[in-house]
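Engineer:
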Ligand SMILES: Nc1ncnc2c1ncn2[C@@H]1O[C@H](COP(=O)(O)OP(=O)(O)O)[C@@H](O)[C@H]1O
Ligand SMILES: [Mg+2]
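Chains as they are written, first to last, in our numbering: chain A, 671 to 1307; chain B, 1031 to 1346.
Listed below in structure tokens is the structure:
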């Protein structure tokens, strides 16, 4: 596959002057086949082909897609029951756009999450297994390595994104869906994924763990999605005009960076077919911008890799790890030697006493933010968001609290899902696991230490939520004081559960990405899969429409969902206190889970059952893992 | 005491340890020698209760590795072949971490840590980050870590690998010091000469099979065969005839203590019978035959040759 240089060309290059040689090398390096499908590409494709995980993920995406389709179809088709064939066909034509949109959006969301994690391990796994040095010692340039890694993952991504193509094509049979717009949608999805993959690769160069790189890349993607929207919202406030996408070409340039907005415009076009403005320019600009970001990310990644290469060349004995310990030092061109003394001096004054629970002690010592810069960015960003939020949103408004609850819980769940999944795998990678195993520490002690340490390091999310509800909203009288009793068990139970299951998966998986995938699947299955499954069951009518069983089940499913129970509690907590109480119902105040109504005392009870239940479930996970521990860890007893 | 009986461990179809039996007694420093992939680390991991053997038994101080892992862990120090370092800790914190993991009382930790740092000559690096240590220091820190809980038995997997000659000597001195302290040591290496001097006994393993176990002197005895001596005759003076090497050889061949003699110009290569230890009769016979000797060199059999001889033919 790779186009080798011809001997004549080589000879010429050798004969040429230094500059000429450099140009020759550049030209050879730019030969697209060699650049894109070089050795790195081939090895990576082969390796991923050998991993069962690759195929499992494809099947999973396909299965999920079919599931979502089936649901949407059943949901829309349930009223079709007693109608004539012609009627049904007409209705089916009506649903086709909705189904298309479901599939498109589903793909958009799923792939935007998958793309960064596909590339996130590319460089950092290589470094963790110490094969990076060998790769860097070959004549491959940083750019070639990067592109090889990139294209090999892109193949995966394309396969994943094309799984839906037959589905979308079959939907066209129903008619009523403009093909061009659907193609534009697919194009945008693929483009956003490519951007995500490039960003994942960029962060992979310096990241310690793949999960970190993936998280950073997703963060940037989300920034692209949310940033323009916020900017335009402020802009609109200042101008006092509505600046929806598709109205003003200048505003559209900003909107184009916000892929959900572009998807929204495309959706509107699919649904109505008659939007006042065409989405063409917006879409084109968006594609161009995302392409630009991709190229930029890849260039920066190559440059970064080259910097890492240089840093490693200066101190051959130093593991690559060292250069990532202090990125600023490496950036400033400081050599390894001064850096080493700098590290040992920095810690010279402080040597902390280790407690009697060494694993927990170490976990708690792990910094929440890797560097001071990042901490600063997080704090400043947090303050900015808070100022923006409290200046724009009114505490009187129930929606404000609802939004905080939903966003906060989502953040909590996604943080907790990946919080502890690297704890055991990273010890294995750092080869410290064997050493730890040869101590008399017990399984439960090690695992509980890791889970509790992880929990400790994410204190700030529950703290922020309690700050909003308990400290800000309750005293100002727009949220009832029961919040103090209801929210803590919900927040703590959820975090405990996911931290514990994360440690369990970390023990049983080889890589932290695998572990966090399992943990996300667990959370997704419990809190998204179950409701979907239930909706599916009631759609098929197996449970009897509106019967008691169905009501009990849906109440249970909502009640065990952290977001669901938070929504229910915030509803009750804010009901008829603020101004826009859309859901205020006359009569005695009640909390509603699905179709059940509970008194405040009962609901507090539910929250505590929720919290304790998840703590017990988390403990069960740990116990299960501890039981499997010796086998998984290789210990004999 | 370490006792291994008929230990076998497979990884899939690969036989990593094959029916291995050996004993390491009190106060011994056992050198475990074999090329890469021979099964040294696997055996040590089984002894450290980190890996379950497929069959056979192994006991450490009378405790079965299958049943008493917990108790063994308290009296055994295991240092893996690759020192995993928590690169975000200082040397002191690293040792404290493991002192705590081994449940040392808090009051005693300070003294114990200072003690092992002193012993391993790392006191000056107490506050340095573990990741900033040189490879030799990291290995010594690994030894310091295994000493924290004052174990009776030490399993050190390739402690000298990757060290420069100086660090190697320091490591050797440290190990000899530990043996003097009465610990049972099992030290692996793929280089025989690295262990030969300090070991009280050695075991040679290849492809999972123990080819030899016993004292290093016995190993020599086994492979030495007869002593070899090279004799060079004086060059002839101006105008005189060259000495008759052949007739000298004939004289020697007549002796029952000589196994063989070969002649190459002015040089005689003499091999004695294996049981023969003294060399003086060779000189006497040559002098009696009127030969003038320029050089008389008994050949030492080299360690590595012994190693090769010991293992040759057993594994194809
Ligand atoms: N976890 C494992 N899985 C599969 N094979 C292994 C594993 N550990 C070791 N081996 C194999 O067992 C053999 C012995 O390995 P090892 O004991 O590490 O050798 P040594 O330490 O003597 O170099 C080698 O061929 C190695 O590849
Ligand atoms: Mg080994």
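All C-beta atoms in this analysis are idealised placements derived from N, C-alpha and C, irrespective of residue type, glycine included.
For my contact list, residue 1256/B and residue 1289/B are in at a C-beta cut-off of 8 Å; report their separation, rounded to the angstrom.
Structural biologist: 5 Å
Engineer: State the beta-bridge partners of residue 1328/B as determined by DSSP.
Structural biologist: Partner(s): 1259/B.
Engineer: Classify residue 920/A as buried or exposed, calling it buried when 16 or more other Cβ atoms lie within 10 Å of its own Cβ.
Structural biologist: When all chains shown are included, residue 920/A counts as exposed.
Engineer: Under 8 Å between the Cβ atoms of residue 1155/B and residue 1163/B?
Structural biologist: Going by C-beta atoms, residue 1155/B is nearer than 8 Å to residue 1163/B.
Engineer: Please list the segments of the alpha helix (DSSP H) lying wholly inside the stretch 1108-1196 of chain A, counting only runs of 4 or more residues, in order along the chain.
Structural biologist: Runs of the alpha helix (DSSP H) inside the stretch 1108-1196 of chain A: 1113-1126, 1130-1136, 1153-1178, 1182-1194.
Engineer: Taking Cβ to Cβ, would you say residue 866/A is nearer than 8 Å to residue 887/A?
Structural biologist: Cβ distance < 8 Å, so residue 866/A and residue 887/A count as in contact.
Engineer: Compute every distance between the C-beta of residue 1041/B and the non-hydrogen atoms of ligand 1, then say whether any falls below 7 Å.
Structural biologist: yes
Engineer: Check whether the Cβ of residue 1075/B lies closer than 7 Å to any heavy atom of ligand 2, and answer yes or no.
Structural biologist: no
Engineer: Within a Cβ cutoff of 7 Å, which residues of the same chain sit near residue 1290/A, ignoring the five residues on either side of it in sequence?
Structural biologist: none
Engineer: Using a beta-carbon distance cut-off of less than 7 Å, what residues from the stretch 1026-1038 of chain A approach chain B?
Structural biologist: 1026, 1028, 1032
Engineer: Is residue 909/A buried or exposed, if buried means 16 or more other CB atoms sit within 10 Å of its CB?
Structural biologist: exposed
Engineer: For residue 1187/A and residue 1092/A, I'd like the C-alpha separation in whole angstroms.
Structural biologist: Distance between the alpha carbons of residue 1187/A and residue 1092/A: 11 Å.
Engineer: When a residue counts only if its C-beta is closer than 5 Å to some heavy atom of ligand 2, which residues count, in chain order?
Structural biologist: 1071/B, 1111/B
Engineer: So with Cβ pairs under 8 Å, would you call residue 1066/A a contact of chain B?
Structural biologist: no
Engineer: Suppose you measure from the CA of residue 849/A to the CA of residue 859/A; what does that come to, to the nearest Å?
Structural biologist: 15 Å
Engineer: Check whether chain B comes within 8 Å of residue 1107/A, counting only Cβ atoms and requiring the distance to be less than that.
Structural biologist: yes
Engineer: Please classify residue 1146/A: is it buried, with 16 or more other beta-carbons within 10 angstroms of its beta-carbon, or exposed?
Structural biologist: Result: exposed.
Engineer: Between the stretch 1134-1153 of chain B and the stretch 1029-1046 of chain A, can you find at least three pairs of beta-carbon atoms closer than 8 Å?
Structural biologist: no
Engineer: Please name the residues in the stretch 1193-1223 of chain B whose beta-carbon is closer than 8 Å to at least one beta-carbon of chain A, in chain order.
Structural biologist: none
Engineer: Could you tell me whether the Cβ atoms of residue 1225/A and residue 1265/A are closer together than 8 Å?
Structural biologist: yes
Engineer: What would DSSP say about residue 1078/B, mapped onto helix, strand or coil?
Structural biologist: coil
Engineer: Output the distance between the C-alpha atoms of residue 1190/A and residue 1084/A, rounded to the nearest integer angstrom.
Structural biologist: 8 Å
Engineer: Sorted by chain position, which residues of the same chain lie with C-beta nearer than 8 Å to residue 1084/B's C-beta, five sequence neighbours on each side aside?
Structural biologist: So the list reads 1038, 1039, 1040, once near-sequence residues are dropped.
Engineer: Across which residues does DSSP place residue 1088/B in a beta bridge pair?
Structural biologist: 1034/B
Engineer: Anything in the stretch 1084-1118 of chain A with a Cβ closer than 8 Å to a Cβ of chain B? List those residues in chain order, please.
Structural biologist: Within the stretch 1084-1118 of chain A, the residues whose Cβ lies closer than 8 Å to some Cβ of chain B are 1097, 1100, 1101, 1102, 1103, 1104, 1105, 1106, 1107, 1108, 1109, 1110, 1111, listed in chain order.
Engineer: Kindly examine ligand 1 and report whether one of its heavy atoms sits closer than 7 Å to the Cβ of residue 1044/B.
Structural biologist: yes
Engineer: Any heavy atom of ligand 1 within a distance shorter than 7 Å of the CB on residue 1067/B?
Structural biologist: yes
Engineer: Can you find a C-beta in chain B that's less than 8 Å from the C-beta of residue 1308/A?
Structural biologist: Because residue 1308/A is not part of the residues shown, which for chain A are 671 to 1307, the question remains open.
Engineer: Quick check on the DSSP output: the beta strand (DSSP E) that includes residue 1239/B runs from which residue to which?
Structural biologist: 1239-1244
Engineer: Per DSSP, which one or two residues make a beta bridge with residue 1232/B?
Structural biologist: 1061/B, 1244/B
Engineer: Exposed or buried, what is residue 1330/B when buried is set at 16 or more other beta-carbons lying within 10 Å of its beta-carbon?
Structural biologist: exposed
Engineer: Do you know how far the Cα of residue 1115/A is from the Cα of residue 1184/B?
Structural biologist: 25 Å
Engineer: Are the Cβ atoms of residue 1128/A and residue 1075/A separated by less than 8 Å?
Structural biologist: no
Engineer: Please tell me whether, using a cut-off of 7 Å, the distance from the CB of residue 1086/B to the nearest non-hydrogen atom of ligand 1 is below it.
Structural biologist: Taking 7 Å as the cut-off, the C-beta of residue 1086/B does not count as close to any heavy atom of ligand 1.
Engineer: Roughly how many angstroms separate the alpha carbons of residue 1294/A and residue 1174/A, rounded to a whole number?
Structural biologist: 8 Å
Engineer: Could you check which residue in 1077/A, 1283/A, 1261/A, 1281/A has the C-alpha nearest to that of residue 1273/A?
Structural biologist: 1261/A
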